Structures are given as structure tokens and as C-alpha cells.
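Chemist: I'd like to ask you about the structure that follows.
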Amino acid sequence: MLTPDQEDRLLVSLFATAEAMGHELTQAAALMMVDDLKGYPEPVLVDALQACRRELTGKLTLAAILQRAQAADGRPARDEAWSIALAASDEFESVMLTDEILAALQAARPSLEARDKVGARMSFLSAYDRLLEAARREGKPANWQLSIGYDPQRRAAAVEQAVLLQRLPAPVGQQLLADLREQGVPVSQDGAAIAGLLTGRTAAPSPEIRQRLIALKEGLEQQKRDRAAARRAELAHYGENLKARRVQLMAQAKGAKRD
């Protein structure tokens with residue numbers, strides 16, 4: 001939920017974005033947009049407005065902003081969600097699931113047990129679409145949870161991937177990997193590095209993962225700089241327009257007095 005100051009910044013950004021796209025928003029429309037968007041984090045909205053400026057050729061609409069804001073919540077698209085659900089139906093696999101995938105999988109379970117894969121997919125996708133729409137409409141953040149399978153080695157691989165994709169909190173992943181490592185379950189070099197943060201038994205990550213982490217850090221820092229620069233430019237541009245309009249209104253008012 002946005003703070004009052006963040007709502008004010010969003011209002012200014014909406015006016016500035018609409019103007020940059022060649023049209024103007026009425027105050028009433030902009031305030032309604034703020035009310036509909038205030039449940040999203042500010043960085044998500046900043047990125048969504050930036051995407052609108054770059055991608056849209058028509059007018060700025062609430063639907064366009066929501067589409068881009070919702071895509072940033074980390075929830076899988078329907079086909080990826082179905083693939084995850086199929087993997088989760090294997091009792092030996094360990095898989096990260098969202099609440100929506102888990103609920104939709106329950107709806108498809110009877111068809112899966114009847115070995116009707118086509119029917120199961122249709123049931124799953126129908127339920128997942130409804131659940132996804134409801135969750136995004138209510139502004140719920142994605143909640144990932146680990147479905148643990150019987151195979152310990154697959155469990156370790158799933159935990160490592162979940163931590164690297166930031167779908168599982170690092171402390172939870174560290175604890176799970178540390179437990180598996182202490183039980184003698186083979187853990188990869190990267191998993192050992194993650195677990196070592198908790199156990200003290202350090203291991204260096206592989207060069208590939210190290211480069212990915214460095215690139216991720218640099219990318220995040222660059223995004224912060226770009227976002228800050230874009231926001232400053234928006235505010236400056238909108239401020240200049242406000243000044244120009246104020247001067248114009250004052251001139252019109254003086255002319256009316258003379259008449």
C-alpha cells in the first residue's frame with residue numbers, strides 16, 4: 001500500500017506520463033487511477049509507467065498500467081504453471097508452488113488420477129486463470145511454498161534453484177540445505193555455498209553462478225539509477241509545464257480585469 005507521499009508522486013507521474021504520450025489526464029481520472037493502483041509497490045508502478053511510455057502508441061489507460069504491474073508479481077504464466085503442477089504431481093519431485101498453482105492442481109487432481117491429461121490440463125488452466133485474476137485484483141503478492149518430494153537429491157536441487165530465483169527466503173533455503181548436507185545428501189557446489197552461510201562450512205560458488213550474481217547486482221544498481229533519473233526528469237518536466245500554465249492563467253486573469 002502506497003503512503004500519502006507516494007500517492008502524490010504517483011499522481012504527478014501519471015500526469016507527466018500522459019503528457020509525454022501526447023494527451024492529458026483530467027484530475028478526476030488521475031485520482032481514480034491512483035486509488036486503483038495504490039495497492040502496488042512504488043517501484044513496480046514506476047517500472048509499469050516507464051514501460052507504458054516505451055511501448056504504448058495510444059492513450060495511457062488504467063488497463064495498460066495494471067497489465068504491466070501485474071506481470072511483475074512473479075507469478076508464472078498459465079503454461080509454465082501447468083508444467084510446474086505436472087512436476088508437483090510426481091511424488092519424488094520437490095517443486096516450488098504458488099498458492100494459485102496448488103489450488104488449481106487440486107481442481108485437476110480427479111482428472112490426473114483418472115489419467116485424463118487433456119481434461120486435467122483444461123481443469124487446471126480454467127481454475128488457475130480464475131485464481132490468478134482474483135489474486136491480482138485483490139493485490140495479493142505471490143506466495144511461493146516448497147512441495148517436498150521423496151528424493152533427497154531432487155529436494156536439494158529444488159531448494160538451490162528456489163533460493164537463486166528468490167522464490168524461497170534465503171534463511172529458509174540455507175536451513176534446508178544445511179540439514180540435507182548434514183544428513184549426507186549430495187549438494188552441489190552452489191548449494192554448499194548457500195548452506196555454508198548457516199553452518200560455517202564455506203564453499204565457493206561456481207564461476208557461472210558468481211557471474212550471474214555479479215550481473216544481477218550490477219543490473220539492480222543500474223535500474224535504481226535509471227529509475228531515479230527518470231523520476232527526476234518527469235518531475236522537472238511536469239513542474240515546468242505547471243509553471244507555464246500558471247503564467248498563462250495569470251496573464252488571462254489580468255487581461256480579463258482590463259476588459
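Read in order, the letters of the sequence shown are residues 1 to 259 in full-length UniProt numbering. Beta carbons: idealized from backbone N, C-alpha and C, even for Gly. The structure presented is a predicted model; accordingly, all values stated were derived computationally and were not measured.
1) Indicate whether Y155 and S83 have their beta-carbon atoms separated by less than 8 Å.
2) What three-state label does DSSP hand S147 in the structure shown?
3) When we look at the beta-carbon of L165 and count the other beta-carbons within 10 Å, is it buried (16 or more) or exposed?
4) Please look up how many angstroms separate the CB atoms of A104 and A127, rounded, as I've assumed it's under 8 Å.
5) Which word fits E234, buried or exposed, when buried means at least 16 other C-beta atoms lie within 10 angstroms of its C-beta?
6) Please classify R75: is it buried, with 16 or more other beta-carbons within 10 angstroms of its beta-carbon, or exposed?
7) Which residue marks the beginning of the beta strand (DSSP E) containing L97, and which one marks its end?
8) Determine the closest residue to P152 out of A85, A28, Q6, D179, with distance taken between C-alpha atoms.
9) With three or more beta-carbon pairs closer than 8 Å as the criterion, would you say the stretch 55-74 touches the stretch 132-149?
10) Spatial neighbours of R53 within its chain, please: C-beta separation below 7 Å, excluding the five flanking residues on both sides.
Modeler: Based on what the coordinates show:
1) Reading the sequence as shown, one finds Arg at residue 155 and not Tyr. No.
2) Secondary structure at S147: strand, using DSSP grouped into helix, strand and coil.
3) Burial call: exposed.
4) By a beta-carbon distance limit of 8 Å, A104 contacts A127. Their separation comes to about 4 Å.
5) Answer is buried; the Cβ neighbour count reaches 16.
6) Counting Cβ neighbours within 10 Å, R75 comes out buried, since at least 16 surround it.
7) Annotation: the continuous beta strand (DSSP E) that includes L97 extends over 95-98.
8) Nearest option by C-alpha distance: D179.
9) Between the stretch 55-74 and the stretch 132-149 there are three or more C-beta pairs closer than 8 Å, enough to call the two in contact.
10) Hits under 7 Å: T17, A20, M21.
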